[in-house]
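Residue numbers (our numbering): 48 to 282.
Idealized CB from N, CA, C, for every residue including glycine.
Please read all numbers here as calculations on a predicted model, not as lab measurements.
Take a look at the structure below.
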């Protein structure tokens, strides 16, 4: 039976001269893989990273690879495909999502968040701190947003996700200016966080801290190129 669904393109791989394997984070079924036969020959098919597509597919057996038959954009972008900085941000997001999404895990709240943020990204240009904001929001969507309950907390317990005034007994902690910054920005709203002036090296250290934090909470989390990719927008 043919179905119609919406989703965001996460990855695509060549399957043959004309076909693709497409990994798509769908609105109602979570991450799902599709064989898109003849995709390379179809005019007007847009399968760029995080493209919001509406598509038809069918699947005879749940154990078999679903077959996508067509795809069209249901939300178009005026700037993202043409702006190298925004395109870099999207590639960063895709690599993170490829590491945190799992087949069959449905998360409509995360899906709605990603769609809303793509619309925001298309309209705005204040992006230097945006990867930090975005990763914090993803951690909140996935249920491990850092906890800070006291003012003086120079230690960040990575395993338990908590800022502390003392060295934790498990020794899985970090301290330093990136910890101080991360603790300080947790209470900021989006606009104030994005407008905050942060030295480039501290921004890099803070993003690295978040990537390390994700490793403690996402099995097999290993986005190998994320930091290098996003550094290019800070030059």
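Residues near residue i by beta carbon distance below 6 Å, same chain, minus five either side
i           : result
residue 152 : 77
residue 263 : 205, 206
residue 305 : Because residue 305 is not part of the residues shown, which for the chain are 48 to 282, the question remains open.
residue 260 : 205
residue 103 : 49, 51, 116, 117
residue 265 : 147
residue 84  : 66
Cβ neighbours of residue i in the same chain (closer than 8 Å, five flanking residues each side left out)
i           : result
residue 256 : 203, 221, 225, 226, 229
residue 127 : 133, 134, 137, 165, 168, 169
residue 250 : 175, 176, 179, 281
Proximity winner among the options, relative to residue i (alpha-carbon distances)
i           : options            : result
residue 66  : 186, 58, 86        : 86
residue 267 : 145, 198, 97, 103  : 145
residue 156 : 173, 260, 74       : 74
residue 119 : 189, 154, 95, 187  : 95
residue 173 : 113, 109, 241, 89  : 241
residue 89  : 115, 130, 111      : 115
residue 252 : 275, 235, 236, 234 : 275
residue 235 : 183, 201, 254, 189 : 183
residue 269 : 141, 189, 248      : 141
residue 171 : 130, 111, 192      : 130
Residue range of the unbroken beta strand (DSSP E) whose run includes residue i
i           : result
residue 104 : 99–105
residue 262 : Taken as a continuous stretch (DSSP letters only), residue 262 belongs to no beta strand (DSSP E), being part of the alpha helix (DSSP H) at 247–264.
residue 286 : Missing from the structure shown is residue 286; the chain here goes from 48 to 282 and no further.
residue 80  : 77–83
residue 220 : 220–222
residue 197 : Segment: none, residue 197 is in no beta strand (DSSP E) and carries neither H nor E.
residue 209 : 209–211
Length of the line joining the Cα atoms of residue i and residue j
i           : j           : result
residue 175 : residue 243 : 9 Å
residue 273 : residue 177 : 14 Å
residue 57  : residue 80  : 10 Å
residue 117 : residue 143 : 27 Å
residue 218 : residue 133 : 37 Å
residue 150 : residue 195 : 32 Å
residue 35  : residue 163 : A question about residue 35 goes unanswered here, because the residues of the chain that appear run from 48 up to 282.
residue 181 : residue 123 : 21 Å
residue 70  : residue 59  : 6 Å
residue 49  : residue 246 : 52 Å
residue 186 : residue 93  : 29 Å
residue 112 : residue 223 : 48 Å
residue 68  : residue 209 : 40 Å
Cβ-based neighbour list, residue i, same chain, cut-off 7 Å, excluding 5 preceding and 5 following
i           : result
residue 121 : 53, 99, 100, 101
residue 125 : 169
residue 158 : 72, 74
residue 97  : 55, 56, 137, 140, 141, 165
residue 197 : 212
Whole-number beta carbon distance between residue j and residue i, since they are thought to touch under 8 Å
i           : j           : result
residue 135 : residue 280 : 5 Å
residue 62  : residue 82  : 6 Å
residue 277 : residue 139 : 5 Å
residue 212 : residue 199 : 5 Å
First and last residue of the uninterrupted alpha helix (DSSP H) at residue i
i           : result
residue 72  : Run containing residue 72: none in the alpha helix (DSSP H); it sits in the beta strand (DSSP E), 67–73.
residue 134 : 131–147
residue 109 : That residue, residue 109, is in no alpha helix (DSSP H); it is neither H nor E in DSSP.
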